[in-house]
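See below for the structure under consideration.
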Amino acid sequence: MKHFYLYFFLLISAFYNSQKLDTISRSNLQGSVSMQFGKFLGTNDYLKELKHREFIGVSAELTTQTDGSQEWHRRFGKPYYGGGIIAFDYLKNSEMGKPFAVYGTFGGVIKETPTHSWNYETSGGFAFNWTPFNQEKGYLNQTFGSSVSIYINLGANYKYYLGKHFDLGLGLNFNHFSNGALKLPNKGMNTFSPKLSLTYHFDERQFAPHDSLSAFDKYSTLDVNVFGGVRHSIFYGVDPGFQESDVDLIDKFRGKYYQNWGIETVYHRQVTYKSSLGLGIGVMYDEDYNHKFYQDENGVIQSTKRFQRDQVLLNIFPSYRLSISKFAIQIQPGFYIFKKEIDRRYDKTIFYQRVGFQYTVGKNLLIGIGLRSFKFHKADYIEWRLGYRIFNKKNPQLF
1 MKHFYLYFFL
11 LISAFYNSQK
21 LDTISRSNLQ
31 GSVSMQFGKF
41 LGTNDYLKEL
51 KHREFIGVSA
61 ELTTQTDGSQ
71 EWHRRFGKPY
81 YGGGIIAFDY
91 LKNSEMGKPF
101 AVYGTFGGVI
111 KETPTHSWNY
121 ETSGGFAFNW
131 TPFNQEKGYL
141 NQTFGSSVSI
151 YINLGANYKY
161 YLGKHFDLGL
171 GLNFNHFSNG
181 ALKLPNKGMN
191 TFSPKLSLTY
201 HFDERQFAPH
211 DSLSAFDKYS
221 TLDVNVFGGV
231 RHSIFYGVDP
241 GFQESDVDLI
251 DKFRGKYYQN
261 WGIETVYHRQ
271 VTYKSSLGLG
281 IGVMYDEDYN
291 HKFYQDENGV
301 IQSTKRFQRD
311 QVLLNIFPSY
321 RLSISKFAIQ
331 IQPGFYIFKK
341 EIDRRYDKTI
351 FYQRVGFQYT
361 VGKNLLIGIG
371 LRSFKFHKAD
381 YIEWRLGYRI
391 FNKKNPQLF
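Residue numbers (full-length UniProt numbering): 1 to 399.
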């Protein structure tokens, strides 16, 4: 776990430092404080039974505002980037813990006038200090199996300009918390809330020049990536000849940790300044797929290999890539080819989904992180990635 957090921190740091070199002076710093008051959704049995689901969130951010001098500034609405911290209070559900999150943030303008603007915002990081599921202590909230989770925020807001230094904002935010199956149970949590914010510009507010967008060359890329991950797996259901009361729940949730690793290549063709479409193929070893749980003659949970020889999985996937300078967001739904289905309790679907973040170091080195899931809402594992760009060629002109 600690290696994963270090890797993620290095990825975010590389992105932040690279953008700082590519933009403007530090005089365009801005600080903001905000408050959220909303509700979390009843997305699992434990949360559904709670009569009160209100929470309060208070955050502080320090960000850098770009000035529109670069092409990607204009394409993404004169964005800002930086970091922040947010603390949550779950009020009448204080047994859930006193979580706080540390995150990186990126946002920009959708539409702007001299007096106000409509904006988008995104954030991602880690939340700490949850009260985790604990069978021995009788805390049966299956929302989180560990005290740490991933924190993701998406939002939109309206800002009214108060003079040359202050912005007053009102928006709507969606928050998602999950540990990516690093520790089960992991039902996760989703929240919706209005958000009130106050932003201070250390220098006077700058308006981006209304320059026309520049022409650009379209490129094709071919990347090769290696990746690895770890997931927590547990026994499900009950074997024939036993009843649910025969399952030792403490032993069940102790589970096993399994490795996943592989190699893949993906080709992308740029279709707009921001977007590229592509196709990839890969092969991976999934230790979880190659093992299964069972109950022995005494009902004790055991694990064993499923096949005489370990099986690898061949997968193929279409890919969408959104590029922001050297940073990229990738959406890659894929299919496992020739995957065997033996036990529905443990076999994940042949169709999977992946969302990933990638940063290009120098010209060809790629580092990234991704979340692989199935059924669109069940996390399979978090993978961290290292790759190399084999070529970056200009697309030929057809006309």
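Glycine is no exception: its CB is placed at the ideal position from the N, C-alpha and C atoms.
Computed from a predicted structure; not experimentally measured.
Option in the options with minimal Cα separation from residue i
i           : options                : result
residue 462 : L313, D288, G280       : This structure leaves residue 462 out entirely; the chain is present only between 1 and 399.
Q30         : K339, F133, R205       : R205
D67         : K378, S275, Y81        : Y81
R302        : Y285, Y236, I329, V355 : Checking the displayed sequence, the identity of residue 302 turns out to be Gln instead of Arg. When only C-alpha atoms are compared, the closest one is Y236.
H176        : N157, L41, E264        : L41
R269        : Y320, D286, Y258, I110 : Y320
A156        : F166, N190, F106       : F106
A60         : P194, T199, D248, G334 : T199
F391        : D217, K92, Y267, F338  : Y267
H201        : F166, T191, F174       : F166
G334        : V33, L172, R309, F317  : F317
D307        : E341, N173, K164, Y257 : For the record, residue 307 in the displayed sequence is Phe; it is not Asp. With distances taken between Cα atoms, F307 lies closest to E341.
T113        : D203, L172, F207       : F207
Y336        : I281, F327, F293       : I281
R344        : D310, F293, K164       : F293
Those residues which DSSP pairs with residue i across a bridge
i    : result
Y346 : Bridge partners of Y346: none, in fact.
V283 : I263, L314
A87  : V58, F100
G169 : K159, S197
E302 : The sequence shown places Gln at residue 302, not Glu. For Q302, which the question treats as bridged, DSSP gives the partners Y294.
V224 : T265, Y388
A215 : Beta-bridge pairing links A215 to no other residue.
W130 : G97
V271 : In the DSSP output, where bridge partners are listed per residue, V271 has none listed.
Y120 : G108, A156
H52  : BP columns for H52 are empty, so no partner.
Y289 : The partner list for Y289 (beta bridge, DSSP) is empty, contrary to what the question assumes.
F192 : K39, F174
T64  : L29, Y81
Residue i in three-state terms, based on DSSP
i    : result
Y236 : coil
F207 : coil
K256 : strand
L11  : Because the pLDDT of L11 is 47, which lies under 50, any placement of that residue in the model is unreliable, and the number read from its coordinates should be weighed accordingly. In the structure shown, L11 sits in a helix (DSSP, three-state: H, G or I).
R231 : strand
N392 : strand
K78  : coil
S146 : coil
E244 : helix
L184 : coil
K39  : strand
E71  : helix
K111 : strand
L47  : helix
N28  : helix
L140 : coil
I250 : helix
T23  : Any reading at T23 must be qualified, since the residue scores a pLDDT of 43, below 50, and its modelled position is unreliable; no value is offered.
6 Å Cβ shell around residue i - same chain, five flanking residues per side excluded
i           : result
Y388        : V224, N364
A101        : I86, G125, A127, Y151
residue 403 : Residue 403 lies beyond the residue range present for the chain, which begins at 1 and ends at 399; the question has no answer from this structure.
K187        : N44, Q142, T143
K92         : H52
M35         : V58, L196
Q135        : L249, I250, F253
I382        : G180, G229, L371
T191        : G38, F40, N175
R354        : Q332, G370, R372
Chain-order list of residues whose beta-carbon lies under 8 Å from that of residue i (same chain, five-residue window excluded)
i    : result
Y103 : G83, G84, I85, I86, S123, G124, G125, F126, Y151, N153
L296 : For the sequence presented, residue 296 should be read as Asp rather than Leu. Closer than 8 Å at Cβ, skipping near neighbours: Q302.
F133 : Y139, L140, N141, Q142, T143, F144, G145, P185, F253
R385 : N225, V226, F227, G356, Q358, L366, I367, G368, I369, G370
K283 : Reading off the sequence shown, one finds Val at residue 283, where the question assumed Lys. These residues qualify, in order along the chain: G262, I263, E264, V312, L313, L314, N315.
D246 : V238, Q295, G299
Y160 : T115, H116, D167, L168, G169
Proximal residues to residue i (C-beta, below 7 Å), its chain only, five neighbours per side dropped
i    : result
K274 : R75, L322, S323
T349 : F374, K375
S178 : S149, I150, N186, G188, A379
V109 : G77, K78, S117, N119
D286 : N260, L313
K305 : N290, H291
A72  : Checking the sequence shown, residue 72 turns out to be Trp, not Ala. Taken in chain order, the residues that qualify are I324, S325.
N129 : G97, K98, P99, F100, S147
Quick one: complete beta strand (DSSP E) runs, 3+ long, within the segment 321-388?
-> 327-331, 334-337, 351-361, 365-374
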